[in-house]
Structures are given as structure tokens and as C-alpha cells.
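> Quick one: structure below, then a few questions.
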Amino acid sequence: MSYWFRNDNRLPQERLAAASYVIVGMITLLLLGFWKLQIIDSDKYGQMAERNRVRSIPIIAPRGRMLDRDGRVLVDNYPSFSVLLLRDDMAAVERSLSVIADGLGLSIDDLHEQLANTAKLPKFQPIVIKPEATPADVAFIESHRADIPLLEMLMVHRRRYLPGGFMSHASGYVGEVSEKQIEDSNDRLRPGDVAGKSGLERQYNDLLVGTDGMRRVIVNSVGKEMGRLSQQEAIPGKQIQLTIDYDLQKIAEDALAGKKGSVVALDPRTGEVLALASQPAPDPNDFAIRVSKEEWLRLNTDEDRPLLNRAIQAQLAPGSVFKVVMATAMLESKVPPENFHAFCPGSATFYGRQFKCWVYGKSSHGSVDLHAAIVHSCDVFFYNVGMRMGIDRISKYAKLVGLGSRTGIDLPSEEPGLVPSEEWVQRVYHRKWYPGETISVSIGQGAVTVTPLQIAYMIGGIASGGEYKQPHLLKDIQTIGEHRIELSESTVEQVTQGMYGVVNEGGGTGAAIRLQGVEFCGKSGTAQVIGGDAKSRYGKGQKKFNNNAWFVGYAPRRNPEIVVSVLVEEGGHGASASGPIARDIIKAYYDKKEKKTNGQATAQAVKPSFEKSEAHTLTVEDPKAVIKPEETAAVLQPAAAAKKPRPE
Amino acid sequence: MVKDAAGSREYDYWLLAILAAICALGVVEVYSTTHGSALAGMHMKQLRWLIIGTVLMFVLSRLDYHLIMDQAPVLYIIGIVALLAVLLMGHTRFGAKRWIPVLGEFLQVSELVKLIIIIVLARFFAEVRTDELSLQDLIKAGLLVGLPLALILKQPDLGTALVLMPMLVVGAFLAGLKWQHAAVFSLAGFLLVGAVFYPPVSRHILKPYQRERITSFLHPEEDAKGSGYQLLQSKIAVGSGGFWGKGFGNGSQNQLGYIPVRYSDFIMSAWAEEQGFKGVLLALGLYMALLLRLVQNAQRAKDRAGMFLVMGVTAALGFHVLVNVAMVIGAMPVTGIPLPLMSYGGSATLFVFLAIGLVMNVRLRRFVN
Numbered sequence: 000m001s002y003w004f005r006n007d008n009r010l011p012q013e014r015l016a017a018a019s020y021v022i023v024g025m026i027t028l029l030l031l032g033f034w035k036l037q038i039i040d041s042d043k044y045g046q047m048a049e050r051n052r053v054r055s056i057p058i059i060a061p062r063g064r065m066l067d068r069d070g071r072v073l074v075d076n077y078p079s080f081s082v083l084l085l086r087d088d089m090a091a092v093e094r095s096l097s098v099i100a101d102g103l104g105l106s107i108d109d110l111h112e113q114l115a116n117t118a119k120l121p122k123f124q125p126i127v128i129k130p131e132a133t134p135a136d137v138a139f140i141e142s143h144r145a146d147i148p149l150l151e152m153l154m155v156h157r158r159r160y161l162p163g164g165f166m167s168h169a170s171g172y173v174g175e176v177s178e179k180q181i182e183d184s185n186d187r188l189r190p191g192d193v194a195g196k197s198g199l200e201r202q203y204n205d206l207l208v209g210t211d212g213m214r215r216v217i218v219n220s221v222g223k224e225m226g227r228l229s230q231q232e233a234i235p236g237k238q239i240q241l242t243i244d245y246d247l248q249k250i251a252e253d254a255l256a257g258k259k260g261s262v263v264a265l266d267p268r269t270g271e272v273l274a275l276a277s278q279p280a281p282d283p284n285d286f287a288i289r290v291s292k293e294e295w296l297r298l299n300t301d302e303d304r305p306l307l308n309r310a311i312q313a314q315l316a317p318g319s320v321f322k323v324v325m326a327t328a329m330l331e332s333k334v335p336p337e338n339f340h341a342f343c344p345g346s347a348t349f350y351g352r353q354f355k356c357w358v359y360g361k362s363s364h365g366s367v368d369l370h371a372a373i374v375h376s377c378d379v380f381f382y383n384v385g386m387r388m389g390i391d392r393i394s395k396y397a398k399l400v401g402l403g404s405r406t407g408i409d410l411p412s413e414e415p416g417l418v419p420s421e422e423w424v425q426r427v428y429h430r431k432w433y434p435g436e437t438i439s440v441s442i443g444q445g446a447v448t449v450t451p452l453q454i455a456y457m458i459g460g461i462a463s464g465g466e467y468k469q470p471h472l473l474k475d476i477q478t479i480g481e482h483r484i485e486l487s488e489s490t491v492e493q494v495t496q497g498m499y500g501v502v503n504e505g506g507g508t509g510a511a512i513r514l515q516g517v518e519f520c521g522k523s524g525t526a527q528v529i530g531g532d533a534k535s536r537y538g539k540g541q542k543k544f545n546n547n548a549w550f551v552g553y554a555p556r557r558n559p560e561i562v563v564s565v566l567v568e569e570g571g572h573g574a575s576a577s578g579p580i581a582r583d584i585i586k587a588y589y590d591k592k593e594k595k596t597n598g599q600a601t602a603q604a605v606k607p608s609f610e611k612s613e614a615h616t617l618t619v620e621d622p623k624a625v626i627k628p629e630e631t632a633a634v635l636q637p638a639a640a641a642k643k644p645r646p647e
Numbered sequence: 000m001v002k003d004a005a006g007s008r009e010y011d012y013w014l015l016a017i018l019a020a021i022c023a024l025g026v027v028e029v030y031s032t033t034h035g036s037a038l039a040g041m042h043m044k045q046l047r048w049l050i051i052g053t054v055l056m057f058v059l060s061r062l063d064y065h066l067i068m069d070q071a072p073v074l075y076i077i078g079i080v081a082l083l084a085v086l087l088m089g090h091t092r093f094g095a096k097r098w099i100p101v102l103g104e105f106l107q108v109s110e111l112v113k114l115i116i117i118i119v120l121a122r123f124f125a126e127v128r129t130d131e132l133s134l135q136d137l138i139k140a141g142l143l144v145g146l147p148l149a150l151i152l153k154q155p156d157l158g159t160a161l162v163l164m165p166m167l168v169v170g171a172f173l174a175g176l177k178w179q180h181a182a183v184f185s186l187a188g189f190l191l192v193g194a195v196f197y198p199p200v201s202r203h204i205l206k207p208y209q210r211e212r213i214t215s216f217l218h219p220e221e222d223a224k225g226s227g228y229q230l231l232q233s234k235i236a237v238g239s240g241g242f243w244g245k246g247f248g249n250g251s252q253n254q255l256g257y258i259p260v261r262y263s264d265f266i267m268s269a270w271a272e273e274q275g276f277k278g279v280l281l282a283l284g285l286y287m288a289l290l291l292r293l294v295q296n297a298q299r300a301k302d303r304a305g306m307f308l309v310m311g312v313t314a315a316l317g318f319h320v321l322v323n324v325a326m327v328i329g330a331m332p333v334t335g336i337p338l339p340l341m342s343y344g345g346s347a348t349l350f351v352f353l354a355i356g357l358v359m360n361v362r363l364r365r366f367v368n
């Protein structure tokens with residue numbers, strides 16, 4: 000070994016001492032760094048650690064189901080998975096957004112927009128980025144748990160409606176809450192929440208909607224659940240029972256298939272709505288997830304106006320159905336007196352203008368009294384009555400029997416219709432009322448408009464002797480509005496006799512739809528969409544200008560159990576286009592009633608347990624039943640054999 | 000000629016006690032970070048490495064360091080050949096070639112090379128006869144370090160490559176580095192490092208793909224979450240520990256896996272979370288005691304050769320502690336440098352014990368002749 004080191008013992012003691020100071024300085028600096036993190040910013044990092052550790056996952060409460068009056072499920076839920084995006088770590092969200100968009104087949108622009116819209120919300124609140132996860136989405140989320148721990152799946156309950164838009168105008172539909180709804184809700188609603196948008200879904204949203212729960216879980220760094228901290232269970236929405244009778248509703252929907260029109264069936268004794276149909280109707284299952292802009296635009300611009308609930312929103316001339324109002328007004332006001340006769344040669348001239356009777360050119364009614372005028376729907380008779388009565392008296396009685404104002408049915412956006420008067424024309428058009436207009440109004444043309452619901456409500460009220468019950472769809476409604484109008488017994492008797500004659504007398508406009516064993520009464524109406532002269536000018540063949548066909552039928556003649564008003568737009572003659580629909584529903588009502596009376600004893604003996612399982616009240620049944628898939632698979636549950644006895 | 004050691008009473012028992020204390024903290028925390036996970040039982044493996052290391056340390060301390068330094072050129076060549084071998088046929092893990100199989104374990108060659116460079120540099124500086132280090136000698140020393148450094152960078156292993164730098168700097172400083180040279184080189188180095196790694200500057204001088212390479216070069220093990228996420232999680236762990244800590248086995252950041260490689264590079268993060276600032280005071284206090292004790296050994300060395308050897312070890316260990324702990328508190332980027340004796344790892348542990356063995360060696364011979 001060479002002595003390369005030569006026992007060289009010159010040690011740089013100063014520089015070695017300096018090295019010691021450097022070490023002390025270095026450790027001190029590091030300790031200061033720890034001091035900053037662990038003492039000064041300890042709370043901040045403590046919270047961040049907590050946010051890492053704890054994840055809050057909402058538990059969506061199922062909405063209440065809707066049952067028909069016999070307990071059959073009309074609107075149900077089914078389980079489905081939504082994809083949630085956790086936004087605690089926005090930097091990570093930004094980094095992974097394009098991968099997420101690709102993986103879930105979403106547009107990255109939409110995602111950015113959604114994030115911007117929800118930027119104001121607390122960061123720990125996840126947002127729904129895809130409402131209905133496909134198996135591929137589930138696989139994507141599971142396989143990326145480690146590198147994209149931002150996605151979570153959430154079980155939600157989606158609405159299942161009967162297919163084909165069945166009863167959809169009554170049930171309405173749900174959708175994501177709008178910004179306005181969120182503002183109006185006092186922080187109760189959040190973006191992505193589901194709320195009723197129309198119909199009963201909207202009317203009874205507060206009942207139907209449950210309270211979402213929250214699950215706080217411990218997650219590890221790859222998003223795996225390691226434990227549960229707390230769980231606040233969801234409170235399911237209340238199940239509601241409707242007054243709707245599925246069997247009658249079915250007949251109404253089937254009869255209207257392919258047509259534009261509406262059917263309303265009421266029980267005037269209680270105000271219960273037995274059927275309420277309007278077609279065309281959108282299928283709310285299409286909105287149950289999220290309606291596309293294109294689809295929404297199409298529905299809104301469709302000439303047939305599928306979003307219009309014709310039962311409560313179509314404001315149309317009632318045509319000859321209005322003659323019931325005229326007859327009531329005449330008998331009550333005694334102008335002209337009840338023995339008034341008019342001669343009908345097929346037309347009449349008032350104020351220098353010819354007004355035709357509907358039989359003009361084919362035959363004439365000859366000399367008619369009030370009864371014959373109702374039965375044969377003689378226009379000339381009512382022209383004369385109207386001329387003598389004057390518009391304000393007509394207006395007064397039309398309003399008295401329920402026209403021109405909302406019935407107060409428990410559905411949003413009911414329209415009031417219109418009963419014209421001198422005051423109205425002055426107020427709206429700033430002109431005098433032309434006496435000639437009164438002649439048109441006398442037969443339900445001109446400015447007067449009604450909704451199908453109003454017609455049923457009005458006829459029910461008159462035939463019940465002036466007793467009006469607020470129409471409603473919720474079976475267990477708290478208070479039913481009711482009022483009484485003063486109608487003399489003779490008036491009610493004569494008017495109902497007239498409507499009985501329409502169906503049951505030879506030559507009555509509804510003679511073809513007579514029912515065996517039922518006191519089926521009614522009144523037809525064929526309302527011109529445009530004037531007859533204009534119609535011939537624009538071409539007869541065009542369906543567009545066809546008359547609107549009305550028929551209101553009820554039974555029995557006095558104090559009816561059921562009133563059915565039918566409107567078929569551009570359907571032609573009221574008695575032939577709408578009459579049979581009313582007849583079929585009333586027939587089905589009586590058939591069912593008869594079966595029930597005969598079969599009740601046996602049914603109860605055979606299956607007493609049905610009573611228990613059937614939901615007749617507003618209280619929630621077994622909430623688990625709401626989400627059972629096998630239950631939701633069946634479109635309709637079989638009708639229970641045992642029924643609550645009808646109050647007589 | 001070489002005399003035998005003066006006897007076991009000359010071992011630095013204080014140093015051994017500090018060493019044992021740090022190792023104990025390490026084993027405890029390795030247990031805490033891995034128990035109940037797929038890596039359970041790792042603390043026992045670490046314990047095994049510690050025992051092997053201790054044995055090697057005593058063996059190395061008995062062999063006169065002059066004899067070892069005598070073979071510096073041979074060792075240097077062995078080191079270079081080993082690095083080349085790794086590059087040619089090494090075992091790739093985490094996207095880098097660093098390992099060659101030795102006795103059924105994978106040995107990280109660059110750890111061995113660190114030890115060799117400490118010896119080679121000590122020999123080089125011991126042979127400098129002037130009181131001031133000439134530019135010529137400085138450049139020579141630089142080239143001596145530059146070759147293995149380049150080879151390690153090629154693996155790539157920036158962390159280990161960087162450790163060679165403080166050995167050079169400290170050695171040169173003690174060999175009489177001139178202030179002018181120090182100023183010029185440190186300024187140049189500072190500017191270069193700053194320009195490449197400081198994004199606002201590198202944005203102007205590097206193309207995007209180059210910057211991306213720098214980033215991935217810096218963090219080869221980086222997963223999709225990015226190194227910023229790792230550092231943040233580490234800071235959260237440290238900060239949320241507060242003064243008292245969350246308690247052994249109770250750190251959520253640790254136990255739920257938010258701290259990256261928490262049994263190794265980020266073990267200080269897990270320690271700080273569970274033991275709090277008081278635990279950090281203890282750990283960093285022990286490291287400071289260790290380093291100061293090393294310097295004291297250098298001050299008492301018999302000759303310049305021994306002093307350079309001890310200070311080379313001090314520089315390497317000090318740099319490890321600084322860079323690792325600064326990373327844990329988010330003050331430095333993720334470089335993959337473990338914390339000596341606390342982080343789990345066979346090669347790194349053996350390196351530290353062998354290095355301490357050299358220090359003991361110098362100490363044992365301070366009164367000889």
C-alpha cells in the first residue's frame with residue numbers, strides 16, 4: 000500500500016464547524032415547515048383529510064305511487080342507476096373530464112356547462128351527469144375506480160307510467176327541476192332533483208315527493224367504501240289514490256285513439272273524476288329521464304298540440320250543448336215564458352241576417368216547444384229565445400250554472416272558458432255588443448267557449464238540482480268545495496226530461512245510442528270551427544274545417560251518478576262521433592256496478608286478504624314494495640275482487 | 000503499515016444509539032403503514048435488513064479505511080461496470096432499470112455506487128496537497144462524479160444521481176474550494192436547475208414535449224393522479240396530524256391509502272400524521288443528532304482521508320434527509336429519495352449501514368500511529 004495519504008492531518012476545522020451550522024439550520028428550516036403545516040394550518044388540513052375520508056352519498060327517496068280508485072297501480076317507480084360526479088377536488092375533475100366524457104359517451108361541452116351551472120353549490124354535493132347508466136357505464140366506472148375516483152353510482156327511482164300516454168294529461172310527468180322551481184323552493188330543491196312538471200305530479204308534488212336521505216361513508220384513496228359513519232334513511236313519498244277508474248279511463252283512451260279530443264267522466268254526487276282523457280297525449284315515460292330539446296320543440300310546435308290537456312284547457316264553442324244553458328235560463332227567468340213556441344221553417348232572419356237551423360235545406364222542425372227544441376236541437380227556437388232574453392241574461396245564467404270560470408279541479412293550469420257579455424265586449428274590445436251576436440251565442444256559437452270538464456260539471460250540477468261538487472282526482476281530498484244554486488224543481492224536471500228525450504225519444508238527436516235499462520240522458524253539440532259560408536269557400540273535403548263534435552251524457556235522469564262529456568275535435572256530428580263514446584263509458588259503469596253488487600258477497604268470502612293489502616288510504620304501504628322490480632314489471636296489477644262499497 | 004483497530008471500546012456508542020432509535024421509529028411506522036394491507040409483514044423484512052446491515056457495518060469497520068481507499072480506482076471501475084451492466088441487462092421496475100439480482104434479492108446498484116463515490120472522492124481530495132482547491136482539481140473531481148452520475152441519470156434515477164452532487168460539493172468545500180469558484184458554479188447550477196424545473200421559465204426555453212419529459216423524468220412512478228396530488232395528500236397528512244398526532248394506526252390519510260408509497264419515500268408523512276409535531280420533533284431531533292455526531296467524528300479523524308470519508312457520508316445522509324423531508328412537507332418535488340433508516344428498502348438500508356461502517360472505521364483508528 001502506497002502512502003498516498005501521508006498522514007496528512009491538516010483538518011479544515013472552521014469549515015467542518017460551518018457544516019455543523021448548516022445541519023442545524025437545515026433541520027430548523029424543516030421544523031419550521033412542519034410548524035406551518037401542523038400548528039398554523041392544522042385546522043385547514045384536518046378538514047381536507049376529513050373531506051378525503053368522508054363521502055356523502057344521497058339516498059334518493061322514491062316518489063309515491065298513484066293508484067286508481069280500486070287500488071290498481073297507475074303510476075309506479077322502477078330502480079335505475081344515475082352516475083354521480085364528485086366535485087370535492089375540482090382540479091382532478093378538470094383533469095379527468097375528457098376521459099369521463101369519452102367513457103360515458105357524454106359531450107364534454109355539456110359536462111362543462113353542467114359544472115358551470117352547479118358551481119355555486121357546495122363542493123361536497125355530487126352532481127348527476129348521466130341519469131340512466133348502461134351496463135357499459137357501470138363497467139367503466141368500476142374499472143376506473145382507482146384512477147378516476149370521482150364517479151359514483153346512485154340508485155334512483157324512475158317513474159313508470161302506463162305506456163302510450165295513457166292518462167298522461169291527468170298524471171302529468173316529472174322532470175328535473177327548473178331554475179325557477181329551485182328559486183321558489185326555499186333551498187328545498189337542488190339541481191338534478193326531480194319534481195312534478197305537470198298534471199297530478201305537479202299538483203300533489205309535495206305529497207308524492209319524499210325526503211332524500213344521506214349516507215356518509217369512509218372511502219379509501221381509490222374510492223372504495225371502507226366503513227359507514229352514519230345513514231339518514233330516505234323517507235319515501237306518499238302514495239296517492241285517485242278517483243280514476245282504470246276501466247272507464249281505458250274505454251275513454253281507446254275511443255280517442257288517433258283522434259283529437261277529450262273525455263271527462265264525473266260522479267256529480269261527490270265531484271270524483273272517474274276518467275279524464277285527452278288526446279293526442281305524449282308518453283311521459285319519454286320524459287322520465289330527460290327530454291331532449293328536439294323532442295320538446297316537436298311537442299310544442301305540433302299542430303295537434305299534444306301538450307294541451309284538452310279536458311281542462313281546450314276552450315271551444317260548445318255548440319248545441321249550450322241549449323241546456325238556454326233552456327235553464329229561459330225557465331228560470333221566464334223570458335220568454337215556458338209555454339213559448341216557435342215556428343221553425345229551417346231558418347230565421349234576425350237583424351237583417353239569415354240564421355239557419357241545422358236541418359236547413361233538408362227539412363224543418365215546424366212548430367216547436369222547449370222540450371221538442373231540446374230533443375231535436377232546434378236552432379230557430381233558441382235563436383228566438385236568445386233574442387228575447389238578451390246577452391246579459393244569457394251570460395248571467397251561463398255563469399250561474401258553472402261556465403266562464405274554473406271548476407277548481409285539482410290540476411294545474413285549468414282554463415276558465417268564456418261567457419261573453421256586454422260588459423266583457425266593452426272591456427276587451429272597447430265596442431258595443433251587436434245584438435246579432437246574441438243569436439249565435441244562443442246556440443253555443445260565437446264568443447262563448449267552454450272546456451269539456453266544465454260541460455260535465457255544468458250538466459251534473461243542473462241534473463242534481465243545482466248541487467255542485469268540486470271535481471277532483473285525489474280520492475282522499477281533505478275538503479271538497481261545494482255550492483248550491485237556486486233552480487226550481489220544474490226547471491230541473493223539464494231540462495232533464497229534454498235531455499232524456501234526446502236519447503230516448505224517437506227523432507231525438509241521440510236516439511241511436513239508447514241504453515237498455517239505464518236512464519241515459521244527454522245532449523249533443525256540433526260546433527262550427529268556422530262559419531258555414533267560409534267552409535264552403537275553403538273546400539268541403541278538408542278535415543281541418545270539420546265541426547267539433549260534442550256529446551254530454553249522464554245517468555240516471557235525476558241526481559245522476561255519472562256524467563260523461565266527450566269532445567272530438569273536427570269529429571263531425573256530435574251525436575254520432577262523440578255520443579257512442581259517452582254511451583260506452585256509461586254502459587261500462589253500470590255493467591261494473593251490477594257485477595260488483597252481485598259478486599260482492601262471494602268475492603269477500605273468497606279473498607278477504609285483499610282488503611288488507613289494498614291501499615285505500617294516503618298512508619304509505621310497505622315502502623319496499625315501491626321499488627320491487629317484479630312488481631313494476633307488470634303494467635297493471637290485477638283488480639282486487641273486493642271493493643269498498645259505494646256510498647249511496 | 001496498517002494497524003489493527005484499537006478495540007471495541009472505541010466504537011461510537013452514541014452514534015449507535017441514535018441509529019438504533021431512528022431504526023426503531025422506522026420499523027414502528029412501517030408496521031403502521033402496512034399492517035392489514037397486502038404488504039403486511041413488511042416491518043419484519045425491514046428488521047431483517049437492519050440486522051444484515053448491522054453485521055455488515057461491523058465487518059466493514061474492522062477493515063482499515065486506508066486499505067479500502069487504496070483500492071479506490073478498482074472500486075471506481077467496478078462501480079462503472081456495474082452501472083453499465085444495469086443499463087444493459089438490469090431488472091426494470093416502475094419504468095426504470097435500477098436493479099440487478101444478488102442472492103435472490105434485487106440490489107439497487109446505484110446505492111452501492113454512492114458508497115464507492117464517497118470512497119473515490121475522499122481518496123481524490125485526500126491527495127490534494129494544496130490548501131486551496133485549484134480549478135483544475137475541481138474539474139477533475141467533477142468529471143470523476145460526472146460519469147457515474149450520467150449513467151445513473153440514464154436509468155433513469157434522478158434522485159440517486161442528485162445525491163452524488165452534495166458529496167462533490169461538500170468534499171470540494173472541505174478541500175479548500177475558493178469562494179469565487181463556489182460563487183460561479185453555484186450560480187450556474189442554480190440558474191440551470193431553475194430554468195429547467197421552474198415552469199414559468201422553462202415554458203419559454205423548453206418545448207411542451209420537453210417539459211413533459213422533465214416532468215415524467217422527475218416522477219417516473221407517477222400515476223394518473225399526478226405528483227401534485229401526491230404532495231398535496233402528503234401535506235394533508237402532515238397538517239392534519241396537528242401537534243399531538245392522530246395516534247398510532249389512526250391516521251386516516253395513512254390507513255386509507257391517501258399517502259403515496261407511505262411505507263417508503265413518504266414514511267415521514269405517515270409518521271407526522273400519526274405522531275404529530277411532537278413526533279416530528281423527536282424524529283428530526285434524532286436526525287440532527289446523527290448528522291452532528293458524524294461531523295464530530297470527522298473533526299476528530301486522524302487524517303484528511305478519514306475526514307473526507309466521514310464527511311462524504313454526512314453529505315449523502317444529510318442530503319437524503321433534507322430532500323425527503325422537504326418533499327413530505329411539499330417544499331420540494333417528488334424525486335424518489337428515501338428517508339435513511341426509516342423508509343423501507345433493502346439496498347438503501349444496507350447503504351446507510353455500510354456508510355456508517357466507514358465512519359466507525361475512521362473512528363476506530365483515530366489514535367493509531
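Protein sequences, first through last, are from chains A and B. Heads up: the first sequence begins at 0 in numbering that gives the first Met the number 0, then just goes up one per residue. Heads up: the second sequence begins at 0 in numbering that gives the first Met the number 0, then just goes up one per residue. Here a beta-carbon is modelled for each residue, glycine too, at the ideal position from N, C-alpha and C.
Does DSSP put GLN278 of chain A in a helix, in a strand, or in coil?
Position 279 of the first sequence, counted from the first residue, corresponds to residue 278 of chain A. Three-state DSSP puts GLN278 of chain A in a strand.
> Is there contact between the stretch 22 to 41 of chain A and the stretch 202 to 218 of chain A, where contact requires at least three CB pairs shorter than 8 angstroms?
no
> At a CB-CB cut-off below 8 angstroms, which residues of chain B make contact with VAL23 of chain A?
Along the first sequence, one-based indexing puts residue 23 of chain A at 24. In chain order: MET287, LEU291.
> Can the beta-carbon of LEU206 of chain A be found less than 8 angstroms from the beta-carbon of ILE181 of chain A?
The residue labelled residue 206 of chain A in the question sits at position 207 within the first sequence. The residue labelled residue 181 of chain A in the question sits at position 182 within the first sequence. It is not a contact, given that the beta carbons lie outside the stated cut-off.
> Under 8 angstroms, with one C-beta from each stretch per pair, do the stretch 118 to 135 of chain B and the stretch 45 to 59 of chain B reach the 3-pair mark?
no
> Quick check on LYS474 of chain A: does DSSP put it in helix, strand or coil?
Your numbering for residue 474 of chain A matches position 475 in the first sequence. Coil, per DSSP.
> If we define contact as Cβ-Cβ less than 8 angstroms, is ILE235 of chain B a contact residue for chain A?
Along the second sequence, one-based indexing puts residue 235 of chain B at 236. Cβ-Cβ to chain A under 8 angstroms: yes for ILE235 of chain B.
> Considering CYS343 of chain A, what are the terminal residues of the beta strand (DSSP E) in which it resides?
What you label residue 343 of chain A is simply residue 344 of the first sequence in a count that begins at 1. Counting along the chain, the beta strand (DSSP E) containing CYS343 of chain A begins and ends at 341 to 343.
> Is the distance from the Cβ of ARG214 of chain A to the Cβ of ARG201 of chain A below 8 angstroms?
Sequence index remark: in the first sequence, residue 214 of chain A carries index 215 (1-based). Sequence index remark: in the first sequence, residue 201 of chain A carries index 202 (1-based). No, the pair does not count as a contact, with Cβ atoms beyond the cut-off.
> Is the beta carbon of ILE115 of chain B sitting closer than 8 angstroms to the one on LEU49 of chain B?
The sequence position of residue 115 of chain B within the second sequence is 116, counting from 1. The sequence position of residue 49 of chain B within the second sequence is 50, counting from 1. Taking 8 angstroms as the Cβ cut-off, ILE115 of chain B and LEU49 of chain B do not qualify as a contacting pair.
> Going along the stretch 5 to 30 of chain A in order, which residues come within less than 7 angstroms of chain B, judged by CB to CB distance?
ASN6, ASP7, ASN8, ARG9, LEU10, PRO11, GLN12, ARG14, LEU15, ALA18, SER19, ILE22, VAL23, MET25, ILE26, LEU29, LEU30
> Determine whether the Cβ of GLN298 of chain B lies closer than 8 angstroms to any Cβ atom of chain A.
Position 299 of the second sequence, counted from the start, is the residue given in the question as residue 298 of chain B. GLN298 of chain B counts as touching chain A.
> Run through the stretch 53 to 129 of chain A for me and flag every whole beta strand (DSSP E) of 3 or more residues, listed as ranges in chain order.
53 to 58, 72 to 84, 126 to 129
> Flag this pair as yes or no: are the beta carbons of SER420 of chain A and ASP391 of chain A separated by less than 8 angstroms?
Here the question's residue 420 of chain A lines up with position 421 in the first sequence. Here the question's residue 391 of chain A lines up with position 392 in the first sequence. In this structure, the beta-carbon distance from SER420 of chain A to ASP391 of chain A falls below 8 angstroms.
> Could you tell me if GLN252 of chain B is buried or exposed, where buried requires 16 or more neighbouring beta carbons within 10 angstroms of its beta carbon?
Counting from one through the second sequence, the residue named residue 252 of chain B turns up at place 253. A residue is called buried once 16 or more other Cβ atoms fall within 10 Å of its Cβ, and GLN252 of chain B is buried on that count.
> Could you spell out where the beta strand (DSSP E) holding GLN202 of chain A opens and where it closes?
Position 203 of the first sequence, counted from the first residue, corresponds to residue 202 of chain A. Run containing GLN202 of chain A: none in the beta strand (DSSP E); it sits in the alpha helix (DSSP H), 198 to 202.
> According to DSSP, is ASP687 of chain A helix, strand or coil?
This structure gives no information on residue 687 of chain A, because the portion of chain A shown stretches from 0 to 647.
> Please decide whether PHE139 of chain A counts as near chain B, where near means a Cβ-Cβ distance under 8 angstroms.
As a working note, residue 139 of chain A is residue 140 in the first sequence. The beta carbon of PHE139 of chain A does not come within 8 angstroms of any beta carbon belonging to chain B, so the residue lies off that interface.
> Any residues in the stretch 242 to 268 of chain B with a beta carbon nearer than 7 angstroms to a beta carbon of chain A? Which ones, in chain order?
PHE242, SER251, GLN252, LEU255, GLY256, TYR257
> Between TYR44 of chain A and chain B, is there a C-beta pair that is closer than 8 angstroms?
Counting from 1 along the first sequence, the entry for residue 44 of chain A is found at position 45. Interface residue, yes.
> Could you please give the first and the last residue of the uninterrupted beta strand (DSSP E) stretch that includes VAL367 of chain A?
Translated into positions along the first sequence, residue 367 of chain A becomes position 368. Taken as a continuous stretch (DSSP letters only), the beta strand (DSSP E) holding VAL367 of chain A covers 365 to 367.
> For PRO579 of chain A, collect the residues of the same chain with a Cβ closer than 6 angstroms to its Cβ; drop the 5 residues on either side in sequence, then sort them by chain order.
For the purposes of this step, residue 579 of chain A is identified with residue 580 of the first sequence, where counting begins at 1. Closer than 6 angstroms at the Cβ level, and outside the excluded window around PRO579 of chain A, lie ILE512.
> In terms of residue numbering, what span does the beta strand (DSSP E) encompassing GLY170 of chain B cover?
Along the second sequence, one-based indexing puts residue 170 of chain B at 171. It is not in any beta strand (DSSP E) - GLY170 of chain B instead sits in the alpha helix (DSSP H) that spans 157 to 173.
> Nearer than 7 angstroms: is that true of the beta carbon of LEU46 of chain B relative to any heavy atom of the ligand COA?
No copy of the ligand COA occurs in the structure displayed, which carries no ligand at all.
> So with CB distances below 7 angstroms, who are the chain B contacts of ASP101 of chain A?
What you label residue 101 of chain A is simply residue 102 of the first sequence in a count that begins at 1. Per Cβ cutoff of 7 angstroms: no residues; ASP101 of chain A is ~14 angstroms from chain B at best.
> Is DSSP giving PHE519 of chain A helix, strand or coil here?
Along the first sequence, one-based indexing puts residue 519 of chain A at 520. Of the three classes helix, strand and coil, the one that applies to PHE519 of chain A here is coil, per DSSP.
> If the cut is a Cβ gap below 8 angstroms, which residues of chain B does ARG227 of chain A touch?
The residue labelled residue 227 of chain A in the question sits at position 228 within the first sequence. Near ARG227 of chain A there are no residues of chain B at all, since even the closest Cβ is about 14 angstroms away, more than 8 angstroms.
> Any beta carbon from chain B within less than 8 angstroms of ASP40 of chain A's own beta carbon?
For this step, residue 40 of chain A is matched to residue 41 along the first sequence. Chain B, which has a Cβ nearer than 8 angstroms to the Cβ of ASP40 of chain A, makes this yes.
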